[in-house]
Amino acid sequence: MWAFISGNQVDIKEAKVSIMTHALHYGTATFEGIRGNWNENNNSMYIFRMKEHYERLLRGCKILRIELPYSVEDLSEITIDLIKKNNLKEDVYIRPLAYKGAEMVANLKLHEVSDDFALVTLPFGSYIDNSNSIRCQTSSWRRPMDSSMPTGVKLTGLYTTNILAKTEAVSAGFDEAILLNQDGTVSEGSGENLFMIQNDKLITPAETDNALLGITRDSVIELATKEIGIDVQERRIHRSELYLSDEIFLTGTAAHVTSVGELDNRKIGSGEIGKITKQIQDLYFSVLVGENSKYLDWCTKISMD
Ligand SMILES: Cc1ncc(COP(=O)(O)O)c(C=O)c1O
Numbered sequence: 031m032w033a034f035i036s037g038n039q040v041d042i043k044e045a046k047v048s049i050m051t052h053a054l055h056y057g058t059a060t061f062e063g064i065r066g067n068w069n070e071n072n073n074s075m076y077i078f079r080m081k082e083h084y085e086r087l088l089r090g091c092k093i094l095r096i097e098l099p100y101s102v103e104d105l106s107e108i109t110i111d112l113i114k115k116n117n118l119k120e121d122v123y124i125r126p127l128a129y130k131g132a133e134m135v136a137n138l139k140l141h142e143v144s145d146d147f148a149l150v151t152l153p154f155g156s157y158i159d160n161s162n163s164i165r166c167q168t169s170s171w172r173r174p175m176d177s178s179m180p181t182g183v184k185l186t187g188l189y190t191t192n193i194l195a196k197t198e199a200v201s202a203g204f205d206e207a208i209l210l211n212q213d214g215t216v217s218e219g220s221g222e223n224l225f226m227i228q229n230d231k232l233i234t235p236a237e238t239d240n241a242l243l244g245i246t247r248d249s250v251i252e253l254a255t256k257e258i259g260i261d262v263q264e265r266r267i268h269r270s271e272l273y274l275s276d277e278i279f280l281t282g283t284a285a286h287v288t289s290v291g292e293l294d295n296r297k298i299g300s301g302e303i304g305k306i307t308k309q310i311q312d313l314y315f316s317v318l319v320g321e322n323s324k325y326l327d328w329c330t331k332i333s334m335d
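All residue numbers for the sequence shown refer to the numbering used here, where the first residue is 31 and numbers rise by one.
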C-alpha cells in the first residue's frame, strides 16, 4: 500500500513523522474524510464531491495558517494518482491531512511552524450498518462553541470531544452519540449531521449551532428539496423536540444516511427506518455510485481496468 507525504508517493510503512511533530502535541492539523465508491457494474470508482471536500480542507488550512503548495485541482490529482497506484477495486476511505509538521514542541505561534500534507487511501466498508435503525444517546459531552474552537471545519484537535462522546455512547451500549450545544440545543452526532422530520418537513441545526457544514448534509438538502419536494429548515432544535419527531436520521461521509430508531431509550416514530428517510437513503445511494445521471457532476469517475 502506498501513501503520499511531503510531496512524494512512498510505501505506507515509510510515511512517518517525528515524535517532535507540532500537530501530534497540539492538534494543529485539519483533515477530510472522502469516500470512493466502487461500482462493480462498470469497474469504476466514483469519488464523491472531492472538490467540496478539498475546499473545506483549504478553509481549515486558512484558519490554522497552514499554507499548502496545492490547489483543489492539485489535491484532486494527487488523490486520483494514489488510488490508481494502490489499485483499489472496492469502496475506499480517502484521508488527507494538512498539518503543522515542524519538529517544534514548545512553540504556540502558528505562523512560525511549517506545514506538511499527507494522504492515505484505505479499503473501507460500512461505518454504521444502515440497513437498520440505530440507537443513540444524548452525550454528557457538549459540542464546543465556535468561539472556543472553530467548528465549521475538521480540525483534528476538535475531535477529542467527539471521540469522548462516541466512546461514552458505545460503552453504554448505544450505537452513536448526539451532542448538544453549551445552551442545551442540538448540534450533531459524533461524526454526522442530524436531521429530524416533523410533519413532512426536514429540520436540521444551522452552522451557528456549531454543526459542521457536512457535504452529505448539503447533498441531502439538495436531493430532498429538488427531487422529493420536501421543505428544509435550518434552525435551533430543542432536545425534547427530537423525542417527539416523526423520524430522525444522521448524515456523513462515513455513516451515509443512517436512521435513528431510538434516542435515550425513547422510540422515534415506529422505531424502524421512516418513509422519508428511506426515500432519501435510496436516492443518495444511487447518486454515490454514479447511477443518477442528474448528479454525475458530484462524482469523479476513475476507471480501474
Ligand atoms: C463532527 C462531524 N459532523 C458532521 C460530519 C459530516 O460531514 P460530511 O458529510 O462532510 O462527511 C462529519 C464527518 O465528516 C463530522 O466529523
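Built from N, CA and C at the ideal position, the CB exists for glycine as well.
Note that the coordinates shown come from a computational prediction; the quantities given were computed from them, not determined experimentally.
| Asked | Found |
| --- | --- |
| Three-way DSSP call (helix, strand, coil) for V309 in this model | The residue you asked about is not Val; residue 309 is Gln in the sequence shown. DSSP places Q309 in helix when its eight states are reduced to three. |
| Boundaries of the beta strand (DSSP E) in which L94 is found, first to last residue | Where L94 is concerned, there is no enclosing beta strand (DSSP E), although the alpha helix (DSSP H) it sits in stretches over M80 to L94. |
| Cβ-heavy atom distance, L242 to ligand 1, below 7 Å | yes |
| Per DSSP, the bridge partner or partners of L185 | T60 |
| Nearest-angstrom Cα separation, counted from E222 out to T186 | 15 Å |
| Residue(s) in a DSSP beta bridge with T288 | L280 |
| Cα-Cα separation between D213 and T234, rounded to whole angstroms | 17 Å |
| Cβ contact check for the region 171-179 and the region 64-79: 3 or more pairs under 8 Å | no |
| Where the beta strand (DSSP E) through K231 begins and ends | K231 to T234 |
| The region 227-243 contacting the region 261-278, beta-carbon criterion three pairs below 8 Å | yes |
| Simplified DSSP state of A254, which is helix, strand or coil | helix |
| Contact check, R65 vs T283, beta carbons under 8 Å | yes |
| For V102, the first and last residue of its enclosing alpha helix (DSSP H) | V102 to N116 |
| Given 8 Å, three or more beta-carbon pairs between the region 90-105 and the region 57-64 | yes |
| Range covered by the beta strand (DSSP E) that runs through R172 | I164 to R172 |
| Any non-hydrogen atom of ligand 1 within 7 Å of T186 CB | no |
| C-beta atoms of M80 and S106 nearer than 8 Å | yes |
| Alpha-carbon spacing of H141 relative to A254, whole angstroms | 42 Å |
| Spatial distance of T288 from V40 (CA atoms) | 36 Å |
| Spatially closest choice to N137 from I193, T238 and M50, by CA coordinates | M50 |
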